[in-house]
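Below is one structure, written out as structure tokens; comments come after it.
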Amino acid sequence: MSGATVTRLVITAPSACQSQVLTWDKIAQLRGGQTQIIFASTKSFVDTAPQLRGSLEKQLNIPRYFFDRLYLQSNGFAGHHVRLDCDGKVEGYTHWSRFIVKQTYNILLPKRTFTPHLSNYQLGHNSPIDAVAVHGPQSMQFGWEWFEMGFFLSWKSSGPLTLICFDLPPQSQSSIQKVLESRTVNLTSPHSLLVFVADELLQLYDDSVWSIRNHISQGEARRAMETNYLVLHEIARHGVHVNETLRVAMNSLDAVQQHHKELRERTTPNKGWDEVGSRLTFQRQFIENLLQRSTANNARIQNEITLIQVRIGEEAKREASAMKAIAIVTMTFLPATFVSTIFGTNFFSFEPREGGQGTSFAVSGHFWIYWAVSIPMTMATLALWLWWSRSGGRLNVAVGRSIALSAV
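So in our numbering, spot 396 of the sequence shown is number 563, and the numbers just go up one at a time.
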């Protein structure tokens with residue numbers, strides 16, 4: 168798949184860049200000291216011919232494990248490597264990181280299927296990318312999607328800087344290009360381009376947090392009309408994922424800050440290094456604030472769940488009171504009703520005596536038939552109810568298991 172195209176931005180001046188659409192073959196043939204940003208998909212790189220991929224990894228100093236299944240399925244990381252010359256001075260620097268964002272949309276539906284995670288030893292570390300993906304486009308039909316982005320940076324103290332952005336959304340790519348075309352960029356620090364990427368990541372994380380907030384506010388506004396319990400559960404589930412991604416992203420930005428500090432101590436920094444360092448500090452603080460807002464969202468959804476539980480308890484209490492009243496009325500009239508029913512049958516006779524003096528009370532000699540029929544029927548009814556309740560429970564469990572297995 169070496170014919171897959173990638174977008175290359177060449178920074179030709181402090182506030183100018185040139186966009187090119189190339190293939191990985193062309194990228195491998197490039198030589199020279201141009202600072203560049205490459206936008207590509209992970210699949211396009213992994214599916215290249217082995218020889219071409221090896222050449223690209225060597226040319227761009229990309230570690231092979233960056234595309235291992237273990238790392239492609241992780242929830243984020245940030246690593247680096249400092250290359251030193253024979254005199255112990257910094258010769259080059261490489262950085263690799265991964266950030267994931269969960270974005271929810273207007274209509275949320277409970278998911279019906281999922282992609283199971285298979286053991287790394289079952290598929291192997293270098294499995295095809297199709298076997299690696301756990302989150303796929305199928306989630307879009309249920310109202311959410313994952314942005315799983317990887318970044319690789321290669322810097323040489325002698326000049327050029329290369330940043331590769333894997334699976335960055337198109338709108339983020341366009342935004343980075345507009346910024347580079349309209350703003351003066353100081354490229355003395357190897358993390359100078361990462362600052363612009365981090366700005367776009369903050370936009371994605373901000374949208375992720377606010378989309379959860381919108382769903383919660385919508386549920387609060389409809390509280391008096393209806394409660395969709397499945398959607399409420401979905402919002403809570405997505406909120407947990409958003410919290411996870413923000414916490415991991417904050418840890419990754421902490422690592423980038425530490426890398427910048429370590430590299431600064433080994434080189435001769437200038438004003439540009441300080442600007443990048445302060446910007447990274449601000450971005451890390453901003454994402455921590457987003458985490459606080461996301462935590463507040465989760466508290467709000469738990470408040471809604473608690474309120475629903477209280478309402479259910481109140482409804483159950485009212486129903487219990489009604490059932491108690493019904494039971495009292497039943498117990499009051501049932502004995503008299505039973506007696507009147509018995510004496511109203513043809514087994515009893517109330518006839519006036521001869522001569523009109525009083526009445527006679529007679530019991531049929533066949534009264535035993537009443538007991539012979541009613542007692543077995545009562546026992547049979549109770550036995551049928553007992554069998555139905557027990558078999559019905561087992562049937563419900565079996566149906567639930569079959570539904571779960573069909574969903575898998």
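Using N, Cα and C, we set each Cβ at its ideal position, and we do this for glycine too.
Asn464 versus Val496: straight-line alpha-carbon distance, rounded | In the sequence shown, residue 464 corresponds to position 297, counting from 1. In the sequence shown, residue 496 corresponds to position 329, counting from 1. Each residue's Cα considered, the two are about 49 Å apart.
How many Å lie between Ala183 and Leu360 at the Cα?
-> For the purposes of this step, residue 183 is taken as residue 16 along the sequence shown, with counting starting at 1. For the purposes of this step, residue 360 is taken as residue 193 along the sequence shown, with counting starting at 1. Whole-angstrom Cα-Cα distance: 14 Å.
Just tell me which of Ala180, Ile536, Met546 has its CA closest to the CA of Ser349.
-> Sequence index remark: in the sequence shown, residue 349 carries index 182 (1-based). Among Ala180, Ile536, Met546, the Cα nearest to that of Ser349 is on Ala180.
The beta strand (DSSP E) spanning Lys225 covers which residue range?
-> As a working mapping, residue 225 is identified with position 58 in the sequence shown. Not the beta strand (DSSP E): Lys225 falls in the alpha helix (DSSP H), residues 217-227.
Closest by CA to Ser286, which one among Gln240, Leu197, Glu224?
-> Here residue 286 is taken as the residue at index 119 of the sequence shown, counted from 1. Residue Gln240 is the option with its Cα nearest to Ser286.
To the nearest angstrom, how far is it from the Cα of Thr545 to the Cα of Val506?
-> To locate residue 545, count along the sequence shown from 1; it is residue 378. To locate residue 506, count along the sequence shown from 1; it is residue 339. Pairing Thr545 with Val506, the inter-Cα distance amounts to about 17 Å.
Simplified DSSP assignment, three categories, for Phe453 | Counted from its first residue, the sequence shown places residue 453 at position 286. Assigned with DSSP and collapsed to three states, Phe453 falls in helix.
Indicate whether Ile267 and Thr462 have their beta-carbon atoms separated by less than 8 Å.
-> Taking the first residue of the sequence shown as position 1, residue 267 is located at position 100. Taking the first residue of the sequence shown as position 1, residue 462 is located at position 295. Between Ile267 and Thr462, the CB-CB gap reaches or exceeds 8 Å.
Which residues in the same chain have their Cβ closer than 7 Å to the Cβ of Trp322, if we skip the five residues on either side of it in sequence?
-> Taking the first residue of the sequence shown as 1, we reach residue 322 at position 155. Once the five neighbours on either side are set aside, the close Cβ partners of Trp322 are Gly259, Tyr260, Leu328, Pro357.
Start and end residues, beta strand (DSSP E) containing Tyr372 | In the sequence shown, residue 372 corresponds to position 205, counting from 1. Note, Tyr372: premise wrong, no beta strand (DSSP E); alpha helix (DSSP H) at 359-388.
What's the gap between the Cα of Gln452 and the Cα of Asn418?
-> Translated into positions along the sequence shown, residue 452 becomes position 285. Translated into positions along the sequence shown, residue 418 becomes position 251. Going from the Cα of Gln452 to the Cα of Asn418 covers about 11 Å.
Quick one: Cα of Pro295 to Cα of Ile343, how far?
-> Locating residue 295 in the sequence shown gives position 128, where the first residue counts as 1. Locating residue 343 in the sequence shown gives position 176, where the first residue counts as 1. Any reading at Pro295 must be qualified, since the residue scores a pLDDT of 49, below 50, and its modelled position is unreliable; the value itself is stated next. About 30 Å.
Given a threshold of 16 other Cβ atoms within 10 Å of its Cβ, counted over all protein chains shown, does Gly405 qualify as buried or as exposed?
-> Within the sequence shown, the letter at position 238 stands for residue 405. Checking the sequence, you will find His at residue 405 rather than Gly. His405 counts as buried, since no fewer than 16 other beta carbons sit within 10 angstroms of its beta carbon.
Trp377 versus Thr271: straight-line alpha-carbon distance, rounded | On the sequence shown, residue 377 is found 210 positions in, with the first residue counted as 1. On the sequence shown, residue 271 is found 104 positions in, with the first residue counted as 1. Going from the Cα of Trp377 to the Cα of Thr271 covers about 9 Å.
Is the CB-CB distance between Arg175 and Gln203 below 8 Å?
-> Translated into positions along the sequence shown, residue 175 becomes position 8. Translated into positions along the sequence shown, residue 203 becomes position 36. Yes, they are a contact pair.
Could you check the C-alpha separation between Gly326 and Arg250 for me, to the nearest Å?
-> If you number the sequence shown from 1, residue 326 lands on position 159. If you number the sequence shown from 1, residue 250 lands on position 83. Here the alpha carbon of Gly326 sits roughly 14 Å from the alpha carbon of Arg250.
Give the range of the alpha helix (DSSP H) segment to which Met417 is assigned.
-> Taking the sequence shown and counting its residues from 1, one reaches residue 417 at position 250. Its alpha helix (DSSP H) spans residues 396-433.
For Trp191, is the classification buried or exposed, using 16 other Cβ atoms within 10 angstroms of its Cβ as the cut-off for buried?
-> Residue 191 sits at position 24 when you count from the first residue of the sequence shown. Looking at its Cβ environment, which holds 16 or more other Cβ atoms inside 10 Å, Trp191 is buried.
Going by beta carbon distance, what residues of the same chain come within less than 6 Å of Glu455, once the five residues before and after it are set aside?
-> Taking the sequence shown and counting its residues from 1, the one referred to as residue 455 is at position 288. Hits under 6 Å: Met417.
Reducing DSSP to helix, strand and coil, say where Gln201 ends up.
-> Residue 201 sits at position 34 when you count from the first residue of the sequence shown. Coil, per DSSP.
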